[in-house]
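S.K.:
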Amino acid sequence: MNKLIALFFLIFITVSCKNNGKSDYVLPTSNGNTNKILVVIKGNDWEGKIGDEIRSVFGEHQVGLPQPETLLSVGQIDPVGFNGFMRHAKAVLILREGEKEKIAVEKNKYADPQILVYATAKSKGDLVDLIRNRGKEIIKLFKDEDVRFTQRIFKKEKLDESKFETVKNLGIELTIPERFRLVEDTGDFLWLRQHLKSGIARGDGTNNILIYSYPLEDESKVADNITRMRDTIGKKHIPGSKEGMHMITEQAYTPFIFDAEIDGKKAYETRGKWEVKNDFMAGPFINYTIIDKENNRVIVFEGFTYAPSVNKRDFIFELEAIAKSLKIK
511 MNKLIALFFL IFITVSCKNN GKSDYVLPTS NGNTNKILVV IKGNDWEGKI GDEIRSVFGE
571 HQVGLPQPET LLSVGQIDPV GFNGFMRHAK AVLILREGEK EKIAVEKNKY ADPQILVYAT
631 AKSKGDLVDL IRNRGKEIIK LFKDEDVRFT QRIFKKEKLD ESKFETVKNL GIELTIPERF
691 RLVEDTGDFL WLRQHLKSGI ARGDGTNNIL IYSYPLEDES KVADNITRMR DTIGKKHIPG
751 SKEGMHMITE QAYTPFIFDA EIDGKKAYET RGKWEVKNDF MAGPFINYTI IDKENNRVIV
811 FEGFTYAPSV NKRDFIFELE AIAKSLKIK
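Here the sequence shown is numbered in the numbering used here, starting from 511 and rising by one per residue.
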């Protein structure tokens, strides 16, 4: 009798789980780096016009970097081979033919975390057009997910930013990994530095964070003053190895400025190159200039990288993820 009761109880639990749409199955951990996607497409299509269009759109160079680096690194696999371990890729683009054009997103289907983007069009020619016309939209889906993925990692190793006077005075919070160390904190200006520990840049390369603010006087002139403001800060706070040396915006390279949004507020994203005046040090920077109308000020988050002889896209991306975690209390 006890065995019969136990059997009925097991059946009840199983049915209840199914009815509630729940499962005890634990997804495997996904594999793959940020800024890298796997494209599921037949080999002959990859070598043909569809693949050419993917390489053209996704292979566009990221602006603001000293060496050419693509927006995304792209690999390919045939649909027949997309099974088993290969399904555990963190970011996957699946191209297929169907009745109507659409872009759909599915998360954590085969692994966790994972994003699958399905790009569907009526024919191969239409797939080419879809990638050409909506490729930037697809890239943004992957980039935004990578930002969230990176922020989740940083939250697990989060630095207590509230101990910095500048952060407290500005009334902000953000997710900074504890690998960053304090360089300067005046109450009005914060400089944090992370020493890179891998690759050729090990021991010599650094990722840096600058945070400060200034009064909002004329909103229409904020974008035009970004370079002047960062050069002023560089002269005051970022010295070189000798007297008369300090960080400036590279004069031979015009920065790129884009509209952005941080914590629901209007902002400008600036990507460019920095250099040390009268010296040979240089590298890329990313700057978010945030218009805080409620407090009549402009808040600036800037990240810059010094990593000689190595690619810098992923270092700048980490700084981007930190910047986009910023909240104004």
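Glycine included, each C-beta is placed from N, C-alpha and C at the ideal position.
Please classify S540 as buried or exposed, where buried requires at least 16 other C-beta atoms within 10 Å of its C-beta.
M.R.: Looking at its Cβ environment, which holds 16 or more other Cβ atoms inside 10 Å, S540 is buried.
S.K.: Applying the 10 Å Cβ sphere with the 16-neighbour rule, what's the burial state of R498?
M.R.: For the chain, the structure presents residues 511 to 839; residue 498 sits outside this window and is missing.
S.K.: Where A777 and I613 are concerned, what is the direct C-alpha to C-alpha distance, given to the nearest angstrom?
M.R.: Near 28 angstroms, if we compare the C-alpha coordinates of I613 and A777.
S.K.: Return the CA-CA distance between I682 and N593, expressed in angstroms with no decimal places.
M.R.: If I take the Cα positions, the gap works out to 45 angstroms.
S.K.: Please identify the residue among I767, E729, A817, E830 whose C-alpha is closest to the C-alpha of P576.
M.R.: The candidate whose alpha carbon is nearest that of P576 is A817.
S.K.: Thinking C-alpha only, which one of K666, Q624, V615 is nearest E647?
M.R.: Per the Cα distances, V615.
S.K.: Can you tell me which of the three DSSP states M596 falls into?
M.R.: Reduced to three states, the DSSP call for M596 is helix.
S.K.: Does DSSP put S672 in a helix, in a strand, or in coil?
M.R.: Helix, per DSSP.
S.K.: Tell me the rounded alpha-carbon separation between K783 and V573.
M.R.: Near 10 angstroms, if we compare the C-alpha coordinates of V573 and K783.
S.K.: Curious, which full-length beta strand (DSSP E) runs of at least 3 residues does the region 574-621 contain?
M.R.: 583-587, 601-607, 612-617, all fully within the region 574-621.
S.K.: Rounded to whole angstroms, how far is the Cβ of L605 from the Cβ of I547, which I believe are closer than 8 angstroms?
M.R.: No, L605 and I547 are not in contact; Cβ-Cβ is about 12 angstroms, not under 8 angstroms.
S.K.: What first and last residue would you give for the beta strand (DSSP E) that runs through V567?
M.R.: Element bounds for V567: not the beta strand (DSSP E) but the alpha helix (DSSP H), 559-568.
S.K.: May I have the straight-line CA-CA distance separating Y620 from D734, to the nearest angstrom?
M.R.: If you take the alpha carbons of Y620 and D734, they lie about 47 angstroms apart.
S.K.: Check the DSSP bridge columns for T685 and list the partner residues they point to.
M.R.: Bridge partners of T685: none, in fact.
S.K.: Leaving aside the five residues before and after I748 along the sequence, list all residues of the same chain whose C-beta is less than 7 angstroms from its C-beta, in chain order.
M.R.: These residues qualify, in order along the chain: H756, M757.
S.K.: Taking 9 angstroms as the cut-off, decide whether the C-beta atoms of G542 and K617 are in contact.
M.R.: No.
S.K.: Could you compute how far the alpha carbon of K731 sits from the alpha carbon of M739?
M.R.: Their Cα atoms are separated by approximately 12 angstroms.
S.K.: Report buried or exposed for N717, applying the criterion of at least 16 other Cβ atoms within 10 angstroms of its Cβ.
M.R.: With 16 or more other Cβ atoms within 10 Å, it is buried.
S.K.: Thinking C-alpha only, which one of P765, D802, E753 is nearest K481?
M.R.: The question about residue 481 has no answer, for the chain in this structure spans 511 to 839.
S.K.: Enumerate in chain order the residues of its own chain whose CB-to-CB distance from L581 is below 7 angstroms, with the five nearest sequence positions on each side excluded.
M.R.: Around L581: F568, E570, Q572, I649.
S.K.: Report all residues from its chain with a CB closer than 8 angstroms to the CB of Y508; omit the five preceding and five following residues, and keep chain order.
M.R.: Any question about residue 508 goes unanswered here, given that the chain covers just 511 to 839.
S.K.: Are the region 625-645 and the region 665-674 touching by the rule of at least three beta carbon pairs closer than 8 angstroms?
M.R.: Not touching, per the Cβ criterion.
S.K.: Helix, strand or coil for G774, going by three-state DSSP, please let me know.
M.R.: Reduced to three states, the DSSP call for G774 is coil.
S.K.: What's the gap between the Cα of V638 and the Cα of G608?
M.R.: Cα-Cα distance, rounded: 14 angstroms.
S.K.: I'd like the list of long-range same chain contacts for E667, defined as Cβ closer than 8 angstroms, with 5 residues on each side in sequence excluded.
M.R.: Cβ neighbours of E667 beyond the five flanking positions: P687, E688, R689.
S.K.: Quick check: the Cα distance between L684 and A833, rounded to an integer number of angstroms?
M.R.: So the alpha carbons of these two residues sit roughly 7 angstroms apart.
S.K.: With DSSP run on the structure shown, which of helix, strand or coil describes M791?
M.R.: Three-state result, M791: coil.
S.K.: Tell me which residues share the same chain as T660 and place their Cβ nearer than 8 angstroms to its Cβ, disregarding the 5 neighbours each side in the sequence.
M.R.: Once the five neighbours on either side are set aside, the close Cβ partners of T660 are T544, F827, E828, A831.
S.K.: Taking 9 angstroms as the threshold (C-beta atoms), are T676 and G645 in contact?
M.R.: No. Outside cutoff.
S.K.: Give the DSSP bridge partners of N797, in chain order.
M.R.: T780, E812.
S.K.: Which of helix, strand or coil does DSSP assign to L517?
M.R.: Any answer about L517 is weak, because its pLDDT of 41 lies below 50 and its placement is not dependable; what the coordinates show is given next. Of the three classes helix, strand and coil, the one that applies to L517 here is helix, per DSSP.
S.K.: Cutting at 6 angstroms between CB atoms, please list the residues of its own chain near G744, excluding the five before and the five after it.
M.R.: Here the set comprises H756, M757, I758.
S.K.: Going by C-alpha to C-alpha distance, which of I800, P794, E753 sits closest to I772?
M.R.: If we check each option's Cα against that of I772, I800 comes out closest.
S.K.: Have a look at the DSSP bridge pairing and note the partners of P725.
M.R.: Answer is R807, bridged to P725.
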